[in-house]
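Q: Below are the structure tokens for one structure; questions will follow.
Residue numbers (the working numbering): 19 to 711.
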């Protein structure tokens, strides 16, 4: 748009955005320009594509579909660089040119395969199929349908083939339970279906439904975030090298079994989020999108911009019409067909900058966010993605994996934002790992820790976490491993000596997690197994480990064993969720840190309107009797959570029945205060007593 056009652009709620952050005022023309491009795309879709609704429903007519009235098979594909297209497979003994497609002016290819003489479909459910394309140099190449809903790999093969997925009506899963309404205060259990078993094998959708969902419910989580669902040939990629965007990974079971898993979660009121990977795509050619039509472009930029050098992957050409159709329909497909409740968008930082974040330190200067470094095609695509979600699925939840802190990412589109609900607080885990790896306990700086936890845009919500799958993979260590070291294997029995390492490790594991949970964001995330201090890192089968599954599993039996200390960490995890559910601090707007004393290693803060107080003592050898702390409300305070309790393998130094009465003594800039006992390496949570109750 011209300068004049930009000045005339009306962003409906821009004034509200500028009130929230006046530093954005010099960049409002760029915010208007982005919004203008977004609006122009919507207008073109309305006039040229029968509207956004029809445009984003393309998965219903692109790809392979059976006409239920006639049993004709209709196939529709976009391959502008191809010279010819055919389909072949088990159904025709892999003959090459038996079923030719025709092509229109837009590069869309179509064919109709009539039914057999007995009226049945020519291709049978479960048969292997592939597209055969004649590319520019005249070569015939096999490709998978980009819209495939099910793909498989033959035993001992490294390449996937398409599967004609047309199960009988009585085998199609029928959802029984309604989806939960959109909620705030997300308590997310991040999980990987394939590792969700103690057995040295790939676990299944059924296993997760039967054995893992009950655990998640029991622990008090309200949301599941599932990884590695979109099909990916390389298991060790953690699901981030996607080849088939509409296919639920067949290594865990069938699409119907995934639907049953999601429905089971809904039965318990859990929301289920898909870890969606639109930030890049696998470089696989034969079973991926790369060079689908024989050109380096098609779905991707046909220049250096189309390559992610660090991840060895391809980058989408987001505002190309057919790429938009493909990706936006993909979003709708997962929400509509599988009833996912939203997404965690992977690699958003990589999308938002031409550098993909490689060697980009992000100084915090707004020039980085609104200057030439930003890839605004990607920003506009994310606006479109969120627009589709909130328009057709208003209860959907969207989380951005962004480390850059781009302003407006989690503000409404009407303000000129991208429309996400949350961003992941990705800097927090790095703080903890750096402390555990590089600093002695006495050098931990309480002020720096609390600043790292609260340093976020006040108007944009964050999901806090102490560690996720990133810290669990081979080459890194979980917090439990950093704290307990080799003794995680030798001294976790309740009959073993409680060494200094075990004592410190158990205490700090509880404290680090609660401090992050209570101060770090408006939502909380835990990666599967970390709730009980899982002793193994994650390492998927690969040549380097002799294709072993030993470290690609979760040993849930450890926290079920009454004789192992893992049960205490598991109990603490549950207690945190129960406490948050009662006091709802994640949605509280007011947080006051009244004390962060370096010599005492004490942190005291209040969060919420129910007089909830958190007292952390990180000191390694010093307890504090009669320690005065300030508070904002007068009255009586009771202990509602105490890490030193026997229930959590503490030393039981705190009387959980005592009640604290405030005094009219101002302390730490708070109007009231009282004295407590703060034992070394403990956290105690107090709440104002409601006399009426």
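Cβ atoms here follow ideal geometry from the backbone N, Cα and C, with glycine treated the same way. Given the structure is predicted, the values throughout are model-derived calculations rather than measurements.
1) Sorted by chain position, which residues of the same chain lie with C-beta nearer than 8 Å to residue 138's C-beta, five sequence neighbours on each side aside?
2) For residue 172, write down the residues that DSSP places opposite it in a beta bridge.
3) With contact counted as at least three CB pairs below 8 Å, one residue from each stretch, are the region 576-593 and the region 499-518 in contact?
4) Of all the options 332, 273, 311, 309, which has the alpha carbon lying nearest to the alpha carbon of residue 300?
5) Could you have a look at residue 612 and say whether DSSP puts it in helix, strand or coil?
6) Under 7 Å, do residue 181 and residue 168 count as touching if we go by C-beta distance?
7) Given this structure, state the Cα-to-Cα distance separating residue 630 from residue 646, to the nearest angstrom.
8) Could you work out which residue in 528, 216, 297 is closest to residue 569 when comparing CA atoms only?
9) Thinking residue 437 and residue 431 are a contact (beta carbons under 8 Å), I'd like their distance in whole angstroms, please.
10) Is residue 400 near residue 358, with beta carbons less than 7 Å apart?
11) Going by DSSP, what residues sit across from residue 360 in a beta bridge?
12) Please determine if the region 609-624 and the region 549-561 are in contact, where contact requires at least 3 C-beta pairs separated by less than 8 Å.
13) Taking residue 344 as part of the alpha helix (DSSP H), name the residues at either end of that continuous run.
14) Use the C-beta contact count for residue 232: other C-beta atoms within 10 angstroms, 16 or more gives buried, fewer gives exposed.
15) Give the single residue among 484, 558, 290 whose Cα lies nearest to the Cα of residue 414.
16) Name, in chain order, the residues that DSSP records as bridge partners for residue 118.
17) Whose C-beta lies closer than 8 Å to the C-beta of residue 117 among residues of the same chain, with five residues either side of it excluded?
18) If I measure Cβ to Cβ from residue 386 and keep anything under 7 Å in the same chain, skipping five residues before and after, which residues do I get?
19) Could you name each continuous beta strand (DSSP E) segment of 3 residues or more that falls completely within the region 126-188, going from the start of the chain to the end?
20) Our contact map puts residue 403 next to residue 346 with C-beta atoms below 8 Å; I'd like the distance itself, whole angstroms only.
21) Exposed or buried, what is residue 188 when buried is set at 16 or more other beta-carbons lying within 10 Å of its beta-carbon?
22) Relative to the C-alpha of residue 455, which candidate in 495, 309, 643 has its C-alpha closest?
23) State the Cα-Cα distance for the pair residue 126 and residue 166, rounded to the nearest angstrom.
24) My guess is that residue 427 and residue 441 are in contact by the Cβ rule of under 8 Å, so how many angstroms apart are they, rounded?
25) Please determine, among 372, 565, 505, the residue with the shortest C-alpha to C-alpha distance to residue 219.
26) Taking the C-alpha atoms as reference points, what is the distance between residue 443 and residue 420?
27) Should residue 590 and residue 666 be called a contact, given that it needs their Cβ atoms to be closer than 7 Å?
28) Output needed for residue 328: all residues of its chain with C-beta closer than 6 Å, excluding positions within five of it in sequence on either side, in chain order.
29) Within the continuous beta strand (DSSP E) that includes residue 407, where are the two ends?
30) Go to residue 441, then tell me how far its alpha helix (DSSP H) extends in each direction, as first and last residue.
31) Quick one, are the C-beta atoms of residue 45 and residue 384 less than 7 Å apart?
A: Result, derived from the coordinates:
1) Around residue 138: 89.
2) For residue 172, no pairing in a beta bridge is given by DSSP.
3) Verdict: yes, contact present.
4) Minimum Cα distance to residue 300 is reached at 332.
5) Three-state result, residue 612: strand.
6) A contact, by the Cβ cut-off of 7 Å.
7) Taking the CA atoms as reference points, residue 630 sits about 16 Å from residue 646.
8) Selected option, being the one with the closest Cα: 216.
9) The Cβ separation is near 4 Å, so the contact holds.
10) The answer is no: Cβ separation not under 7 Å.
11) Answer is 291, 415, bridged to residue 360.
12) By the Cβ criterion, the region 609-624 is not in contact with the region 549-561, since fewer than three pairs of Cβ atoms, one from each stretch, lie closer than 8 Å.
13) Counting along the chain, the alpha helix (DSSP H) containing residue 344 begins and ends at 339-355.
14) With fewer than 16 other CB atoms across the displayed protein chains lying within 10 angstroms of its CB, residue 232 is exposed.
15) For the residues 484, 558, 290, the minimum Cα distance to residue 414 belongs to 290.
16) Bridge partners of residue 118 according to DSSP: 104.
17) Counting only Cβ-Cβ distances below 8 Å, and skipping sequence neighbours, we find 104, 105, 106, 110, 129, 131.
18) Taken in chain order, the residues that qualify are 380.
19) Correct list: 126-131, 146-152, 158-161, 169-171, 178-181.
20) Confirmed, about 7 Å.
21) With fewer than 16 other beta carbons inside 10 angstroms of its own, residue 188 counts as exposed.
22) The shortest Cα separation from residue 455 among 495, 309, 643 belongs to 495.
23) Distance between the alpha carbons of residue 126 and residue 166 is about 16 Å.
24) Sure, about 6 Å apart at Cβ, within 8 Å.
25) Check the Cα spacing between residue 219 and each of 372, 565, 505: the tightest is with 565.
26) C-alpha separation (whole angstroms): 8 Å.
27) Note that the C-beta distance between residue 590 and residue 666 is below 7 Å.
28) Cβ-Cβ distances below 6 Å link residue 328 to 376 in the same chain, with the five nearest sequence neighbours on each side left out; the list follows chain order.
29) Judged by DSSP secondary structure, residue 407 falls outside any beta strand (DSSP E) and instead within the alpha helix (DSSP H) spanning 394-410.
30) Counting along the chain, residue 441 sits inside no alpha helix (DSSP H); it lies in the beta strand (DSSP E) bounded by residues 440-442.
31) Result yes, Cβ atoms of residue 45 and residue 384 sit closer than 7 Å.
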